[in-house]
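As structure tokens, the structure follows; a few thoughts come after it.
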Amino acid sequence: MHILVTGAAGFIGFHLAQRLLLQGHSVVGLDNLNHYYNVQLKRDRLALLQQHAAFTFARMDLANGKVLNTLCQAHNFSHVAHLAAQAGVRHSIEQPQNYIQSNLVGFGNILEACRHYHVQHLVFASSSSVYGLNTKLPYSVQDSVDHPVSLYAASKKANELMAHAYSHLYGLPCTGLRFFTAYGPWGRPDMAPHIFTEAILRGDPLKVFNHGNMQRDFTYIDDIVEAVARVVTLIPVPDPAWRAENPNPATSSAPWRIYNIGNSHAVKLMDFIAALEQALGREGIKKLMPMQPGDMQATYADIDDFRSHAGFAPSTSLAEGIAKFVEWHLAYYKA
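Each step along the sequence shown adds one to the number in our numbering, with nothing skipped, and position 316 is 317.
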């Protein structure tokens, strides 16, 4: 396959590009290297990818449709893995325009490029945040996702709808993946594993929101990448059982699918912190805080649809994943 991976300097995009290259595919990695977090971390990820002869890097902003079209015209991409986005739930409250440009305008340009250059399959990143106010656990792809609590979540829901429209109108095969709290080596510094690890190492208080009454379906990066790599070749077809009078939210009469990608196990925030403390060999100082705007109290994935179609389920335990993350963190940051 000749694959375009957007967000290739990002956390999941980097790991996916690396996996695809090791599988023998050729990869063009696209990223704008924005300053949402430390650009040096992104450059260091790219440096590892650039060791592969089959990797090409393209620095560009997806909000510029003309340069994306030029790239697609120069490369006959068979598949697109679209992982680029302006990430961060809380940041979307402070800088909404960044999300509109990257996650809506940029995604629209991706859809147009895939349509005009006959891409066989578009796989794109959605998020567990789309479940919003829904409190029914575990979250199922059969559930309603009509009540997001952040603009980031709304932009991801919009991506699913936009992809469905293109799939219906033009027969473009699209698969959306709702990721549940990815973590592991090379992870983002704005995420809890990095923030808590740094606070524990410095002896600073850990800000524990909602007084610790939070749960997350922490999913190790290797499991996420294995799932995405399998989905890339799992091209969707119209669901023959889909009925307009009783529509399945996860399938369609068009070649479009939605899957949850999670560890299928809700972990209490205090248990997550305890696993970090165990791996670091020291205890953190907890500062209990109220709930933050735009946050969700719990996430927990029902992955039955994905397991039955892909023949795979994430299985890395929290203790194993945290130990690998801490080992990398200490080495990379020379802590």
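Even glycine gets a Cβ: it sits at the ideal position worked out from N, Cα and C.
From a predicted model like this one, the values you see are computed outputs, not experimental measurements.
- Task: Could you check how far apart the C-beta atoms of ALA164 and GLY133 are, in whole angstroms? I think they sit under 8 Å.
- Result: Looking up residue 164 in the sequence shown gives position 163. Looking up residue 133 in the sequence shown gives position 132. Your pair ALA164 and GLY133 does not check out as a contact, with CB atoms roughly 19 Å apart and the cut at 8 Å.
- Message: Assuming the contact rule is C-beta atoms closer than 8 Å, ASP218 and GLY263 should be a hit. Round their C-beta distance to whole Å, please.
- Response: Working through the sequence shown from its first residue, we reach residue 218 at position 217. Working through the sequence shown from its first residue, we reach residue 263 at position 262. Taking C-beta atoms under 8 Å as the contact rule, ASP218 and GLY263 qualify, at a distance of about 4 Å.
- Item | Top-ranked residue by Cα proximity to GLN293, from LEU173, ALA280, SER93 and HIS3 | Here residue 293 refers to the residue found at position 292 of the sequence shown. Considering only LEU173, ALA280, SER93 and HIS3, the residue with the shortest C-alpha distance to GLN293 is SER93.
- Message: Using a Cβ-Cβ cutoff of less than 6 Å, which residues in the same chain neighbour ILE384 once the five nearest sequence positions on both sides are dropped?
- Response: Within the shown structure, residues of the chain are numbered from 2 to 336, placing residue 384 beyond reach of any answer.
- Is the beta carbon of ILE1 less than 7 Å from the beta carbon of LEU281? Since the first residue of the chain shown is 2 and the last is 336, residue 1 is not available in this structure.
- Query: What is the DSSP secondary structure of GLY109, reduced to helix, strand or coil?
  - Reply: As a first step, residue 109 is located in the sequence shown; it is residue number 108 there, counting from the start. Judged by DSSP in its simplified three-state form, GLY109 adopts helix.
- Item | Proximity below 7 Å, CB of ALA166 to CB of GLN216 | Here residue 166 is taken as the residue at index 165 of the sequence shown, counted from 1. Here residue 216 is taken as the residue at index 215 of the sequence shown, counted from 1. Against a cut-off of 7 Å, the Cβ pair of GLN216 and ALA166 comes out as no contact.
- Query: Straight-line CA distance for VAL238 to PRO256?
  - Reply: What you label residue 238 is simply residue 237 of the sequence shown in a count that begins at 1. What you label residue 256 is simply residue 255 of the sequence shown in a count that begins at 1. Rounded to whole angstroms, VAL238 to PRO256 spans 4 Å at the Cα level.
- Can you pull the DSSP bridge partners for TRP257? If you number the sequence shown from 1, residue 257 lands on position 256. Beta-bridge pairing links TRP257 to CYS175.
- Item | Test item: CB-CB of HIS119 and THR7 under 7 Å | On the sequence shown, position 118 is the one that residue 119 refers to. On the sequence shown, position 6 is the one that residue 7 refers to. In terms of Cβ geometry, HIS119 and THR7 do not form a close pair [threshold 7 Å].
- Item | contact_flag[the region 156-163, the region 57-76] where n(CB pairs < 8 Å) is 3 or more | Not touching, per the Cβ criterion.
- Message: Between the region 268-280 and the region 225-238, can you find at least three pairs of beta-carbon atoms closer than 8 Å?
- Response: Too few Cβ pairs lie closer than 8 Å, so no.
- Query: What first and last residue would you give for the alpha helix (DSSP H) that runs through HIS3?
  - Reply: For the purposes of this step, residue 3 is identified with residue 2 of the sequence shown, where counting begins at 1. In the DSSP annotation of this structure, HIS3 is not part of any alpha helix (DSSP H); the continuous beta strand (DSSP E) holding it starts and ends at 3-7.
- Message: Quick check: what's the CA-CA separation for GLY130 versus VAL106?
- Response: For the purposes of this step, residue 130 is taken as residue 129 along the sequence shown, with counting starting at 1. For the purposes of this step, residue 106 is taken as residue 105 along the sequence shown, with counting starting at 1. The sequence given here has Ser at residue 130, not Gly. The alpha-carbon separation between SER130 and VAL106 amounts to approximately 20 Å.
- Drop a sphere of 10 angstroms on the beta-carbon of THR300, count the other beta-carbons inside from all chains shown, and report buried for 16 or more, exposed for fewer. Here residue 300 is taken as the residue at index 299 of the sequence shown, counted from 1. The residue is buried, with at least 16 neighbouring Cβ atoms inside 10 Å.
- What's the gap between the Cα of HIS3 and the Cα of GLY204? The sequence position of residue 3 within the sequence shown is 2, counting from 1. The sequence position of residue 204 within the sequence shown is 203, counting from 1. Computed Cα separation, rounded: 47 Å.
- Sub-7 Å separation of TYR100 and LEU178 beta-carbons: Here residue 100 corresponds to residue number 99 of the sequence shown, with the count starting at 1. Here residue 178 corresponds to residue number 177 of the sequence shown, with the count starting at 1. No, the pair does not count as a contact, with Cβ atoms beyond the cut-off.
- Report the partner residues of ASP32 according to the DSSP bridge assignment. Here residue 32 refers to the residue found at position 31 when the sequence shown is read from its first residue. ASP32 is bridged by DSSP to ARG60.
- Item | Start-end ranges of the beta strand (DSSP E) lying completely within the region 113-200, minimum 3 residues | The region 113-200 contains, as complete beta strand (DSSP E) runs of 3+ residues, the segments 122-128 and 175-180 (chain order).
- What are the partner residues of ARG217, as DSSP defines its beta bridges? As a first step, residue 217 is located in the sequence shown; it is residue number 216 there, counting from the start. In the DSSP assignment, ARG217 forms a beta bridge with VAL268.
- Who are the Cβ neighbours of ASP45 in its own chain at under 6 Å, not counting the five residues just before and after it? In the sequence shown, counting from the first residue as 1, residue 45 sits at position 44. Excluding sequence neighbours, ASP45 sits near nothing in its chain.
- Three-way DSSP call (helix, strand, coil) for LYS67 in this model: Along the sequence shown, one-based indexing puts residue 67 at 66. Looking at LYS67 - three-state DSSP - the assignment turns out to be helix.
- Message: Comparing C-alpha positions only, which one of GLU161, ASN70 and LYS137 sits nearest to SER127?
- Response: Residue numbering aside, residue 127 sits at position 126 when the sequence shown is read from its first letter. Among GLU161, ASN70 and LYS137, the Cα nearest to that of SER127 is on GLU161.
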